[in-house]
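In our numbering, the protein residues as written are 2 to 295. Glycine included, every Cβ here is placed at the ideal spot set by N, Cα and C. Remarks on the structure that follows.
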């Protein structure tokens, strides 16, 4: 009796444990993190264009896959050997089929290429911009210049992340919540404003990339590349150098803080007057990581 009760007790504990584990798994599965399942939508028109094209291509590929694998499955089931099917040795050529499987893919490519071309052209259309930001890549930091506003500063990895990485200390969420993703001076930009970027480099090839903005642009010595953005939502948007540029390539993060126009003007005034403490305070008012880490 005791052995039976002990066995039942053990089985009960195992069952409860499995049920709890399954419940926690189902709870986790029912609340997925959005970007883990799909491409993030971003916070600009360019990012929206990329997301729309991604979804269009996905639906087209799903449709093609259903047709192709559906036909394969039907053929394997309908014409299997166990039902008496034999290889067709007489069929060698069909002009009609060859025309169909040539014309249909061409039409699909045209359907895919037309909106893609329109959206790519829009990505490089900087007409109507209200301000220009010059970005220059260095080993291993970024220089930002608000053109025409006498604001020019260097942005590099923040001191705490740099200290931790060189000391060998293990970073934690408390000591370094954005380890290697934080900078000493952030780039503050106004929302609902079309901003033109001119991007270059001083030494080697870099690439300025903030995923939430929806584009990535190479920074090449002696060459000026263009891009534009219009951020719709206030927030903190993080990025990185996306071109291998030397031993500290992984330690030149990008932090963009988007704020309403009035707050941006206040930050700009503080930058011009050299009041860096006030500029940092204004930048700190931006919502934390509203657009995700990127």
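Can you say whether residue i is buried or exposed, counting buried as having 16 or more other CB atoms within 10 angstroms of its CB?
{"i": "residue 88", "result": "exposed"}
{"i": "residue 283", "result": "buried"}
{"i": "residue 21", "result": "The pLDDT assigned to residue 21 is 35, lower than 50, so where the model puts this residue is not dependable, and the model offers no usable value."}
{"i": "residue 142", "result": "buried"}
{"i": "residue 111", "result": "exposed"}
{"i": "residue 191", "result": "buried"}
{"i": "residue 121", "result": "exposed"}
{"i": "residue 9", "result": "Because the pLDDT of residue 9 is 46, which lies under 50, any placement of that residue in the model is unreliable, and the number read from its coordinates should be weighed accordingly. By the neighbour-count rule (16 or more Cβ atoms within 10 Å), residue 9 is not buried but exposed."}
{"i": "residue 67", "result": "exposed"}
{"i": "residue 62", "result": "exposed"}
{"i": "residue 238", "result": "buried"}
{"i": "residue 60", "result": "exposed"}
{"i": "residue 70", "result": "exposed"}
{"i": "residue 198", "result": "buried"}
{"i": "residue 275", "result": "exposed"}
{"i": "residue 265", "result": "buried"}
{"i": "residue 1", "result": "For residue 1 there is no data in the structure shown, the boundaries of the chain being 2 and 295."}
{"i": "residue 299", "result": "What the structure shows of the chain is the stretch from 2 to 295, and residue 299 is not part of that stretch, so it cannot be assessed."}
{"i": "residue 55", "result": "exposed"}
{"i": "residue 297", "result": "The requested residue 297 does not occur in the structure, where the chain is confined to residues 2 to 295."}
{"i": "residue 179", "result": "buried"}
{"i": "residue 93", "result": "exposed"}
{"i": "residue 269", "result": "buried"}
Assuming residue i contacts residue j under a Cβ cut-off of 8 Å, what Cβ separation, rounded to an integer in Å, is found between them?
{"i": "residue 253", "j": "residue 158", "result": "7 Å"}
{"i": "residue 145", "j": "residue 162", "result": "With a Cβ gap of about 19 Å, residue 145 and residue 162 do not count as contacting."}
{"i": "residue 200", "j": "residue 228", "result": "7 Å"}
{"i": "residue 249", "j": "residue 167", "result": "Wrong, their Cβ atoms sit about 11 Å apart, outside the cutoff."}
{"i": "residue 206", "j": "residue 246", "result": "6 Å"}
{"i": "residue 240", "j": "residue 51", "result": "Actually they do not touch by this definition, with Cβ atoms about 15 Å apart."}
{"i": "residue 182", "j": "residue 154", "result": "That pair is no contact at about 19 Å."}
Could you tell me which residues DSSP pairs with residue i in its beta bridges?
{"i": "residue 217", "result": "210"}
{"i": "residue 132", "result": "196"}
{"i": "residue 190", "result": "259"}
{"i": "residue 137", "result": "144 and 201"}
{"i": "residue 158", "result": "184"}
{"i": "residue 286", "result": "None, per the DSSP bridge assignment."}
{"i": "residue 240", "result": "255"}
{"i": "residue 227", "result": "199"}
{"i": "residue 152", "result": "147"}
{"i": "residue 178", "result": "Per DSSP, none; premise fails for residue 178."}
{"i": "residue 222", "result": "202"}
Three or more C-beta pairs below 8 Å linking the segment 197–210 and the segment 107–124: no
Any 3 or more C-beta pairs closer than 8 Å across the segment 217–233 and the segment 38–52: Output reads yes: the segment 38–52 touches the segment 217–233.
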